[in-house]
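Shown next, in structure tokens, is the structure this report addresses.
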Amino acid sequence: MNSLLTRLHDRLGLRTSPAVFFSAAAVIILFTVAMGLFPGPVQAVFGAAAHWLRYDVGWFYTLAATLLLAVCLILAVSRYGRVRLGDDDASPEYSGLAWFGMMFAAGVGAVLMFWGIAEPMTHYALPPLEGTEPYSDQAAVQALNIANFHFGLHMWAILVVPGLCFGYFTYKRNLPPRVSSAFQPLLGDRIHGPIGKTIDVIAIVSTVFGMGVSTGLGALQINAGVNYVVGVPVAGWVQALILAVITAVAVASALAGLDKGVKRLSYLNIVLAVALMLWVLMWAASSMDVVRGVIESFGRYLGALPLLTTFNDTLGGGTWSGDWTVFYWAWTVSWAPFVGMFVARISRGRTIREFVFASLGLPTAFVIVWMGVYGYSAIFADRAAAPEAGTGGPLAQTIAVEGNVQVALFRFLQEMPLYLPIAVLALIVIVIFFVTSIDSGALVMDAMANGHEDLAPRRQRVFWGVSVGAVCTAIIVTAGDDGLNALQEVIIVIGFPVMVLTVLQALLLLQALREDAGAARPLRTRQWKRVLPPEEYHRRAREDATVREEYAIRPEFEVGTEPEYETHTPNTWHAQQSAARRAAVSVGLTGGVASGKSAVAAEFERLGAVVVDYDDLMREILVPGHPAVDELRDVFTAEVVADDGTVDWLALDALTAESPAARTRLHEVVAPVVRAEADRRATDAGESSVLVVDLALLVDAADVRDFDQVLEVLAPAEVRVARLMDERGLDREQAWAEVDADEQRRPALGGTHTVLANEGDRAELERSVRDWWDEVVEPARASAAGAPDPASAG
Numbered sequence: 001m002n003s004l005l006t007r008l009h010d011r012l013g014l015r016t017s018p019a020v021f022f023s024a025a026a027v028i029i030l031f032t033v034a035m036g037l038f039p040g041p042v043q044a045v046f047g048a049a050a051h052w053l054r055y056d057v058g059w060f061y062t063l064a065a066t067l068l069l070a071v072c073l074i075l076a077v078s079r080y081g082r083v084r085l086g087d088d089d090a091s092p093e094y095s096g097l098a099w100f101g102m103m104f105a106a107g108v109g110a111v112l113m114f115w116g117i118a119e120p121m122t123h124y125a126l127p128p129l130e131g132t133e134p135y136s137d138q139a140a141v142q143a144l145n146i147a148n149f150h151f152g153l154h155m156w157a158i159l160v161v162p163g164l165c166f167g168y169f170t171y172k173r174n175l176p177p178r179v180s181s182a183f184q185p186l187l188g189d190r191i192h193g194p195i196g197k198t199i200d201v202i203a204i205v206s207t208v209f210g211m212g213v214s215t216g217l218g219a220l221q222i223n224a225g226v227n228y229v230v231g232v233p234v235a236g237w238v239q240a241l242i243l244a245v246i247t248a249v250a251v252a253s254a255l256a257g258l259d260k261g262v263k264r265l266s267y268l269n270i271v272l273a274v275a276l277m278l279w280v281l282m283w284a285a286s287s288m289d290v291v292r293g294v295i296e297s298f299g300r301y302l303g304a305l306p307l308l309t310t311f312n313d314t315l316g317g318g319t320w321s322g323d324w325t326v327f328y329w330a331w332t333v334s335w336a337p338f339v340g341m342f343v344a345r346i347s348r349g350r351t352i353r354e355f356v357f358a359s360l361g362l363p364t365a366f367v368i369v370w371m372g373v374y375g376y377s378a379i380f381a382d383r384a385a386a387p388e389a390g391t392g393g394p395l396a397q398t399i400a401v402e403g404n405v406q407v408a409l410f411r412f413l414q415e416m417p418l419y420l421p422i423a424v425l426a427l428i429v430i431v432i433f434f435v436t437s438i439d440s441g442a443l444v445m446d447a448m449a450n451g452h453e454d455l456a457p458r459r460q461r462v463f464w465g466v467s468v469g470a471v472c473t474a475i476i477v478t479a480g481d482d483g484l485n486a487l488q489e490v491i492i493v494i495g496f497p498v499m500v501l502t503v504l505q506a507l508l509l510l511q512a513l514r515e516d517a518g519a520a521r522p523l524r525t526r527q528w529k530r531v532l533p534p535e536e537y538h539r540r541a542r543e544d545a546t547v548r549e550e551y552a553i554r555p556e557f558e559v560g561t562e563p564e565y566e567t568h569t570p571n572t573w574h575a576q577q578s579a580a581r582r583a584a585v586s587v588g589l590t591g592g593v594a595s596g597k598s599a600v601a602a603e604f605e606r607l608g609a610v611v612v613d614y615d616d617l618m619r620e621i622l623v624p625g626h627p628a629v630d631e632l633r634d635v636f637t638a639e640v641v642a643d644d645g646t647v648d649w650l651a652l653d654a655l656t657a658e659s660p661a662a663r664t665r666l667h668e669v670v671a672p673v674v675r676a677e678a679d680r681r682a683t684d685a686g687e688s689s690v691l692v693v694d695l696a697l698l699v700d701a702a703d704v705r706d707f708d709q710v711l712e713v714l715a716p717a718e719v720r721v722a723r724l725m726d727e728r729g730l731d732r733e734q735a736w737a738e739v740d741a742d743e744q745r746r747p748a749l750g751g752t753h754t755v756l757a758n759e760g761d762r763a764e765l766e767r768s769v770r771d772w773w774d775e776v777v778e779p780a781r782a783s784a785a786g787a788p789d790p791a792s793a794g
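Letter 291 of the sequence shown, counting from 1, is numbered 291 in UniProt numbering, and no numbers are missing.
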């Protein structure tokens, strides 16, 4: 299946992860086709699932959102708040205004245009809390509190946690920009496997559906707006046309990139949105009362948080909370992967404390001002038009009684001067909000599918942008007049697994910070190698053999960057090997050609060690059908691995001898399986066995960590030349050429290791080996077995 997907991927000219891309695409296409052919059954399934999640499991969403907010605040005020999202010395990439503009536009800016009047007016007319009279002062205050609650700290916490995870695991641990990367502390290398790919497919599909719902609401509102302004009918074909235009503009912006398209539209949108809000405030029926209400809203919102945070409408059977709070949290979390990655991308270089306080505080403050201006202005206008005190006016009748929330904004603006140009301005703001959401979403989904942030073929970004429009169109057109409910049901179902993943991400982020962060000031963290998904790593390595110097496949930190007080070990491959069943003592034995390494290995074997030759064991294991052979074929193609799985060892030896990068790539593939088999043989020989692995080369410092002891056999070049001439019959020029070639391909051996000088005869070498065995190996073996050190026993 993988080879089939790879061939299809190459034929289409893509550059992504075939398994992730095609799996997510298949789900999206299948849903779109099913909605078109069988709308009734599909809607019935989603309706039944959404009903159960809303009214029976709604408490989970409430609890999860509160937990995520608590995690954000705890991280911000703890010492981990000083950790930067990126290198320890990184600085922010974007100015404060550009950062806030892009963050808000990609977050809930578009949604506020829809619900800014509709939600406060609905709760004003139909208050959910016990003992509150409709249209009363208490109902007005509660309406604003509830609206601020749904778009305030809790909503942004749901977006901030994925942002923190993306920022940390992508820019601190240098892992691929995928949701699965946040699970590296739990999964280790398996983030590249089926589990990790499944997580990424869920995240991408969720993002498409979450953005589709938001765009659908926008299409409903725009259709209602143009109906009010110019009389265009409210119909499915009009909404489909609106979606096509929004999608086309969004795709064009996405093709322009983050700095040109998204950034410029975000600037424009913030300016227009603020201008529209100021216009509403200027012409409000009681401007000063609105200003007082906005200021008052800050304190009232904070005072109402304890009640609203845990409110589940218990006596009402969870109906209200299921229809409102659960929907909002499910909706928010469904596109949290997109917003999280996008916000993390534009927040690189900021500290966790700065990121959390700014990402929670600034948008929440803007929401309170926005809701206060629109909400109080609408309430005062409705009261002025009401037939008598304590009753609703025409605005409340349209929104709350008739349920026509799509026209709320335009029905409200109709009461103000210059209605036509202001309504057109509102339509422009709505369109740009949704365009910026889709274009930034297309960029992020492409990065999630690819596993890297480098620009890929444009057709991929086009596909993700069109997918959002297609999903939304399928739901709205087939749902008819019940489009809003259909959108809500789909998103509640999609949001549940993503909420579970988001809570897990928060807990794993805490674990990662404990593993990486030091305690000194200024705070320094463990530094990690930059990781690419295997398919992209191999693809780049085929194009440039030096790619290994920049990237790795396995998540691994740089040796020597551990924090001062290391209390937790990251879940890397090397850590897993350390925790696995292993020999009591492991020794890595290396040395150059004619250094006497073979004689040392023979002496170790006489002393009772299990000696394994790395190259011989590699050839014994890598036979046709072994999974590592398939990976070798991906790395080196058909030049060293035939179609039947046979490895051409001569070709492979020649290739790795010429290229250090190729040698390292070979080692990355075969080292895990060779070491596992070597440990199995050693432990089969007894729990106190000593394993000696004879390696021609130790590739890097990570190899040194694989062994309890590393012994490097060194001999002077003149001695080695003499041995080659004597033992192999080479002339002096040939012997020097072989020694020089061996030295050139032998990297400097990092880490802690012992050098065994071999300058004398064989008997002297064997004595040195026995002395080292008694001084180093035997005490280590006794210590591993829990016995007293033989050297100190007497």
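Glycine included, every Cβ here is placed at the ideal spot set by N, Cα and C.
Bear in mind the structure is a predicted one, so any value in this text is a computation, not a measurement.
Leu-724 and Ala-717 do not touch by the CB rule: their CB atoms are close to 11 Å apart, not below 8 Å. Under the three-state reduction of DSSP, Thr-590 is assigned to strand.
Between the beta-carbon of Val-690 and that of Arg-554 there is about 27 Å, and that puts the pair past the 8 Å contact cut. Annotation: the continuous beta strand (DSSP E) that includes Ala-757 extends over 754–757. With fewer than three CB-CB distances shorter than 8 Å, the region 45–54 does not count as touching the region 297–316. Taking C-beta atoms as the reference points, Asn-485 and Gln-184 fail to come closer than 8 Å. Here Pro-660 is buried. Its C-beta has 16 or more other C-beta atoms within 10 Å. In this model, Asp-648 and Thr-16 are separated by some 29 Å (Cα to Cα). Boundaries of the beta strand (DSSP E) harbouring Leu-691: 690–694, taken from the DSSP string. When secondary structure is reduced to three states using DSSP, Arg-84 falls in the strand class.
Residues of the same chain with a CB within less than 7 Å of the CB of Leu-413, apart from the 5 flanking positions on each side, are Tyr-419, Ile-422, Ala-423 and Ala-426 in chain order.
Ile-204 is a Cβ neighbour of Ala-24, given a cutoff of 8 Å. Taken in chain order, no unbroken stretch of beta strand (DSSP E) lies wholly in the region 367–393 with a span of 3 residues or more. Runs of the beta strand (DSSP E) lying entirely within the region 133–162 and spanning at least 3 residues: none are present. In the structure shown, Asp-613 adopts extended strand secondary structure according to DSSP, grouped into three states.
For the pair Pro-177 and Met-448, the CB atoms are nearer than the 8 Å cut-off. The distance from the Cβ of Phe-166 to that of Met-35 is about 30 Å, inconsistent with a contact at the 8 Å cut-off.
Collapsing the DSSP output to three states places Phe-311 in coil. Leu-112 sits away from Trp-320, with the two beta carbons spaced by 8 Å or more.
Annotation: Glu-453 is outside any beta strand (DSSP E) and is labelled neither H nor E by DSSP. Contact between Phe-357 and Ala-76 is confirmed by a C-beta separation of about 6 Å, below the 8 Å threshold.
Rounded to whole angstroms, the Cβ separation of Gly-375 and Ala-147 is 6 Å, and the two are in contact under 8 Å. In the DSSP assignment, Glu-535 falls outside any beta strand (DSSP E) and within the unbroken alpha helix (DSSP H) covering 534–543. Leu-175 sits in coil when the DSSP states are folded into three classes, being neither helix nor strand. Here Val-531 carries a strand assignment [DSSP, helix/strand/coil]. DSSP, read as helix, strand or coil, puts Ala-244 in helix. The beta-carbon distance between Ala-601 and Leu-589, rounded to whole angstroms, is 6 Å. This is short enough to meet the 8 Å contact definition. The beta-bridge partner set that DSSP reports for Val-647 consists of Val-641.
Bounds of any beta strand (DSSP E) do not take in Leu-75; it lies within the alpha helix (DSSP H) bounded by 58–77. Beyond the five residues adjoining it in sequence on each side, Glu-775 comes within less than 7 Å, by CB distance, of no other residue in the same chain. Taken through DSSP and simplified to helix, strand or coil, Phe-557 comes out as strand. Taking a contact to require three or more Cβ pairs closer than 8 Å, the region 632–645 and the region 751–762 do not qualify as touching.
The region 71–88 and the region 339–354 touch, with no fewer than 3 CB-CB distances between them shorter than 8 Å. In this structure Pro-624 is in contact with Gly-645, their Cβ atoms being roughly 3 Å apart against a cut-off of 8 Å. Check the Cα spacing between Val-160 and each of Asn-223, Met-211 and Ala-344: the tightest is with Ala-344. The beta carbon of Val-769 is closer than 8 Å to those of Val-600, Glu-603, Phe-604, Leu-607 and Leu-756 in its chain, skipping five residues each way along the sequence.
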